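S.K.: Quick one: the structure is below, and I'll ask about it shortly.
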Amino acid sequence: MRPLLHPALVNGRTGDPALYVETIFERATLMFDLGDIANLTPRKIQRLDHVFVSHTHVDHFVGFDRLLRILVGRDKTVGLYGPAGFLEQVRHKLAAYTWNLADRYAADLAFDVTEVGPDMTLRKGRLRLKTKFEIEPAGSASMSGDVLHAGQNFRVSVAILDHGAPCLAFAVQESAHVNVWKTRLSELGLPVGPWLQTLKRALIDNRADDFPIAAGARSGPATVMPLGALKVAVTVTPGQKIGYVTDAADTPANRRAIIRLVGGADILFIEAPFAAADADLAADRAHLTTVAAGTIAREAGVRRVEPFHFSPRYQGEEERLLNEVMATFSGA
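Taking this note's numbering, the leading residue of the sequence shown gets 76, the next gets one more, and so forth.
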C-alpha cells in the first residue's frame, strides 16, 4: 500500500535542519525543526499543522519568523512542540513584535505549544493573535509512554537527548495498513461500502474480536458481526516509521535512547555533521560523526538512512561524508 507519510529535507543535507512531511488521505502536515524555510512556498507553510522543534539553537528555530509572517491574518491553529522552556521561548519571539493592531484582524492565529519536561511531563499553553500572544495556560499532562502526539492515522514519539542542553529526537509512526480483499468479502456475502472504514478503524485501534461491526449486506439492513469473523477478509501490515535525530552528543545514553526510539524505522534522518577523522571536534561540540550516525542506524535496524546537517566546513565534500555514513551503515 502507498505510505501515508512523504518526508523531504527542505534544505538538503547541508542547510539548516527542517524536515517537511506531507501526508496523504488526511489533512495533517508535519515539520521537524524550523531552520531557514525560505525554500518552502507560502502554500506549503499554510498547510502546516504540527511543528516539532528539537531545540532552539538558531539554525533549528530561525524559520519561526517566516512561519509567523505567512500565517498572520489567517484563521489557523498550529501545534508547536519543544523541550523544557519552549513555551516561554515562543512567547519571547512573539513579544519582540508590536501587536497594537491585533484587534483589526478578522481572523485569529493560535499556537498551541507543548513542552517536554525532563521527567517527560508535558506543559501546555496557547498563544493567540487576538490576545496579543499572551500565554493562556492549558495545564500539564503525563505522557502515555513516549507518545508526544497521537493523530488519527499516525503518532509522534519523542526521546530527550543530551546536546549540552536538552534536545528532542522524534519518530513518527503511521498506523497499520488494512487491505480489504473484495473476493473474501464476497464469500461472506458482504459488499464494499462506507462501513469498511469502521472495520479498518477497529483493527487499527486493536479492538477485541467480539467488537460489533455493522456490516453492510447486499440487500436489506446491515448485519452486525463480530470483528473476529471479519478478519478473514483483511490483511493488516505495519505502517511506515520515520525517525528524526539531530544535535546529539555521542554518548552511550544517547545511543540507547536513539536506538530505542527509532528501532526498525523505514527511514532514519540522522545528523552527521563531522567526518570520522574529526571525532575530537565532534565530541567537543556534542555532535555525531559520520561513523557514529552509520553505526546507530545499523544497530537500530533501520531500512534506510538519510544523513543530514553536514557541517559547512566540508563544503564540496558532501559525497565523502555520505560515503562514510553508508559504508558504516552497511558494515563495510
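Glycine included, C-beta positions come from ideal geometry on N, C-alpha and C. Quick caveat, the model's predicted, so the values are computed rather than measured.
#1: Quick one: what does DSSP say I235 is sitting in, helix, strand or coil?
#2: If contacts are defined as beta-carbon pairs under 8 Å, then D150 and S129 qualify, I think. What distance do you get, rounded to the angstrom?
#3: Can you give the Cα-Cα distance for E381 and V337, rounded to whole angstroms?
#4: Is the beta carbon of A357 sitting closer than 8 Å to the one on D325?
#5: Please determine, among F161, T98, A304, A246, the residue with the shortest C-alpha to C-alpha distance to L265.
#6: When you compare only the Cα positions, how much space is there between L396 and I345?
#7: Using only alpha-carbon positions, find the residue among L260, A368, G226 that is nearest to R276.
#8: Could you tell me which uninterrupted alpha helix (DSSP H) segments, each at least 4 residues in length, are contained entirely in the stretch 301 to 382, listed from first to last along the chain?
#9: Going by beta carbon distance, what residues of the same chain come within less than 6 Å of R378, once the five residues before and after it are set aside?
#10: Ends of the alpha helix (DSSP H) at P117?
#11: Can the beta-carbon of V153 be found less than 8 Å from the beta-carbon of D111?
#12: Cα separation between F161 and F136?
#13: Write down every uninterrupted run of the beta strand (DSSP E) in the stretch 177 to 256 whose length is 3 residues or greater and which is fully enclosed by it, in chain order.
#14: I think P313 touches A251, with their Cβ atoms under 8 Å apart; what is that distance to the nearest whole Å?
#15: Reducing DSSP to helix, strand and coil, say where E394 ends up.
#16: Along the chain, where does the beta strand (DSSP E) containing H135 start, and where does it finish?
#17: So what does DSSP say about T104, is it helix, strand or coil?
#18: Counting along the chain, where does the alpha helix (DSSP H) carrying I279 start and finish?
#19: R88 to V126, Cα distance in whole Å?
M.R.: The short version:
#1: Along the sequence shown, one-based indexing puts residue 235 at 160. The answer is strand: DSSP assigns I235 an E or B state.
#2: Translated into positions along the sequence shown, residue 150 becomes position 75. Translated into positions along the sequence shown, residue 129 becomes position 54. With 8 Å as the limit, D150 and S129 do not qualify as a contact, their Cβ atoms being about 28 Å apart.
#3: Position 306 of the sequence shown holds residue 381. Position 262 of the sequence shown holds residue 337. E381 and V337: Cα-Cα distance of roughly 13 Å.
#4: If you number the sequence shown from 1, residue 357 lands on position 282. If you number the sequence shown from 1, residue 325 lands on position 250. Their beta carbons are under 8 Å apart, which means A357 touches D325 by this criterion.
#5: Taking the first residue of the sequence shown as 1, we reach residue 265 at position 190. Answer by Cα proximity: A304.
#6: Numbered from its first residue, the sequence shown carries residue 396 at position 321. Numbered from its first residue, the sequence shown carries residue 345 at position 270. It is roughly 13 Å from the alpha-carbon of L396 to the alpha-carbon of I345.
#7: Taking the sequence shown and counting its residues from 1, the one referred to as residue 276 is at position 201. Put simply, of L260, A368, G226 the residue whose alpha carbon is nearest the alpha carbon of R276 is G226.
#8: For the stretch 301 to 382, whole alpha helix (DSSP H) runs of length 4 or above, ordered along the chain, are 302 to 305, 327 to 337, 354 to 359, 365 to 374.
#9: Here residue 378 is taken as the residue at index 303 of the sequence shown, counted from 1. Cβ neighbours of R378 within its own chain (closer than 6 Å, five residues either side excluded): D341.
#10: Here residue 117 is taken as the residue at index 42 of the sequence shown, counted from 1. Taken as a continuous stretch (DSSP letters only), the alpha helix (DSSP H) holding P117 covers 117 to 121.
#11: Mapped onto the sequence shown, residue 153 falls at position 78. Mapped onto the sequence shown, residue 111 falls at position 36. No, they are not a contact pair.
#12: As a working note, residue 161 is residue 86 in the sequence shown. As a working note, residue 136 is residue 61 in the sequence shown. Spanning the alpha carbons of F161 and F136 requires a straight line of approximately 11 Å.
#13: Correct list: 184 to 191, 196 to 203, 210 to 217, 222 to 225, 229 to 237, 241 to 249, 252 to 255.
#14: Counting from one through the sequence shown, the residue named residue 313 turns up at place 238. Counting from one through the sequence shown, the residue named residue 251 turns up at place 176. About 6 Å separates the two Cβ atoms, so the contact holds.
#15: Here residue 394 is taken as the residue at index 319 of the sequence shown, counted from 1. Collapsing the DSSP output to three states places E394 in a helix.
#16: Mapped onto the sequence shown, residue 135 falls at position 60. In the DSSP assignment, H135 falls outside any beta strand (DSSP E) and within the unbroken alpha helix (DSSP H) covering 133 to 136.
#17: Start at 1 with the first residue of the sequence shown, and residue 104 comes out as number 29. Taken through DSSP and simplified to helix, strand or coil, T104 comes out as coil.
#18: As a working mapping, residue 279 is identified with position 204 in the sequence shown. DSSP places I279 inside the alpha helix (DSSP H), whose first and last residues are 270 to 279.
#19: By one-based count along the sequence shown, residue 88 stands at place 13. By one-based count along the sequence shown, residue 126 stands at place 51. Going from the Cα of R88 to the Cα of V126 covers about 20 Å.
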